[in-house]
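A quick write-up on the structure given underneath.
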Amino acid sequence: MKFLLTSNGVTNASIRDALERLLGKPIAESSALLVPTGAHPFPGGPGMARSAIDGTAEGPLAELGWGSLGVLELTALPTVRREHWEAAVRGVDALLVWGGDVLYLVHWMRESGLAELLPTLAETVYVGVSAGSITVTPWNCDAEFDLQLVPEGSEMGRDAEQGLGLVDVALYPHLDRPGMEDAALESIERWAADIPAQTYAIDDNSALVVVDGAVEVVSEGSWRRFEPRH
Numbered sequence: 001m002k003f004l005l006t007s008n009g010v011t012n013a014s015i016r017d018a019l020e021r022l023l024g025k026p027i028a029e030s031s032a033l034l035v036p037t038g039a040h041p042f043p044g045g046p047g048m049a050r051s052a053i054d055g056t057a058e059g060p061l062a063e064l065g066w067g068s069l070g071v072l073e074l075t076a077l078p079t080v081r082r083e084h085w086e087a088a089v090r091g092v093d094a095l096l097v098w099g100g101d102v103l104y105l106v107h108w109m110r111e112s113g114l115a116e117l118l119p120t121l122a123e124t125v126y127v128g129v130s131a132g133s134i135t136v137t138p139w140n141c142d143a144e145f146d147l148q149l150v151p152e153g154s155e156m157g158r159d160a161e162q163g164l165g166l167v168d169v170a171l172y173p174h175l176d177r178p179g180m181e182d183a184a185l186e187s188i189e190r191w192a193a194d195i196p197a198q199t200y201a202i203d204d205n206s207a208l209v210v211v212d213g214a215v216e217v218v219s220e221g222s223w224r225r226f227e228p229r230h
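When we follow the working numbering, the leftmost residue of the sequence shown carries the number 1, and every step to the right adds one.
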């Protein structure tokens, strides 16, 4: 699988060019499925999911001019014949995974069966936004916040610090975004000090391209890389 891990979507020409390079063709000639699932745990989640789907949310993704665009709702997949939804996933050029709650996304990626399918999709482009990007890394930088949204009695919070580990680097989005104290450079540096791998902090005009383990930073903004201390 090819990964384009963004902080806030396809926000500039450099990230768009990287996406089309991964697709191997223009976006207008490409098909995609949008995953809005991560928005559901938040207050106002239904409206956030709708905005992601109709392209009115902050962070360009659905509105990029795709040749065809569908919706893949992970919570519905356990009630659908697997051969049907799997054929839909295998039939598109890109999966667009919206942001929200990393814990919830990791849980439903696994419960739905999509997590085990993703590594078999060699040519598919995975485009993550914020939590959608963090989800495929081994470490969840949003664990403390996400635990506040876990329903009482649920085991969803178990191993909250862990992601799916489909890429080998850690990612912290929204670097130095106003109003997000935990995304200040000093805060991210403290978190990265305990991660036994390279950590990339990217702002909303930056993204990571990860293909076959090789990492490339695409940016018209700011980013930092922290080396593991252990």
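Note that the Cβ used here is the ideal one computed from N, Cα and C, for glycine as well.
Separation of residue j from residue i, as counted between CA atoms
i: residue 52; j: residue 138; result: 25 Å
i: residue 176; j: residue 183; result: 5 Å
i: residue 143; j: residue 117; result: 24 Å
i: residue 186; j: residue 83; result: 47 Å
i: residue 119; j: residue 165; result: 11 Å
i: residue 74; j: residue 174; result: 25 Å
i: residue 133; j: residue 127; result: 7 Å
i: residue 168; j: residue 122; result: 17 Å
i: residue 28; j: residue 35; result: 19 Å
i: residue 219; j: residue 107; result: 30 Å
i: residue 158; j: residue 21; result: 38 Å
i: residue 69; j: residue 229; result: 43 Å
i: residue 151; j: residue 163; result: 19 Å
i: residue 147; j: residue 25; result: 40 Å
i: residue 17; j: residue 31; result: 16 Å
i: residue 109; j: residue 210; result: 20 Å
i: residue 14; j: residue 154; result: 41 Å
i: residue 222; j: residue 77; result: 37 Å
i: residue 178; j: residue 81; result: 44 Å
i: residue 160; j: residue 58; result: 26 Å
i: residue 7; j: residue 23; result: 19 Å
i: residue 172; j: residue 2; result: 19 Å
Contact check, residue i vs residue j, beta carbons under 8 Å
i: residue 45; j: residue 99; result: no
i: residue 61; j: residue 33; result: no
i: residue 10; j: residue 64; result: yes
i: residue 205; j: residue 12; result: yes
i: residue 207; j: residue 4; result: yes
i: residue 135; j: residue 170; result: no
i: residue 97; j: residue 125; result: no
Per DSSP, the bridge partner or partners of residue i
i: residue 32; result: 69 and 94
i: residue 104; result: The partner list for residue 104 (beta bridge, DSSP) is empty, contrary to what the question assumes.
i: residue 27; result: According to DSSP, residue 27 bridges with nothing at all.
i: residue 226; result: 199
i: residue 5; result: 128 and 208
Contacting residues, own chain, Cβ-Cβ under 8 Å from residue i (five flanking each side not counted)
i: residue 149; result: 41, 42, 101, 103 and 104
Other residues of its chain near residue i: CB distance less than 6 Å, five sequence neighbours each side excluded
i: residue 89; result: none
i: residue 224; result: 201
i: residue 92; result: 31, 32 and 33
Beta-carbon proximity list for residue i, same chain, < 7 Å, skipping 5 on both sides
i: residue 49; result: 36, 39 and 40
i: residue 131; result: 38, 99, 100, 101, 102, 105 and 142
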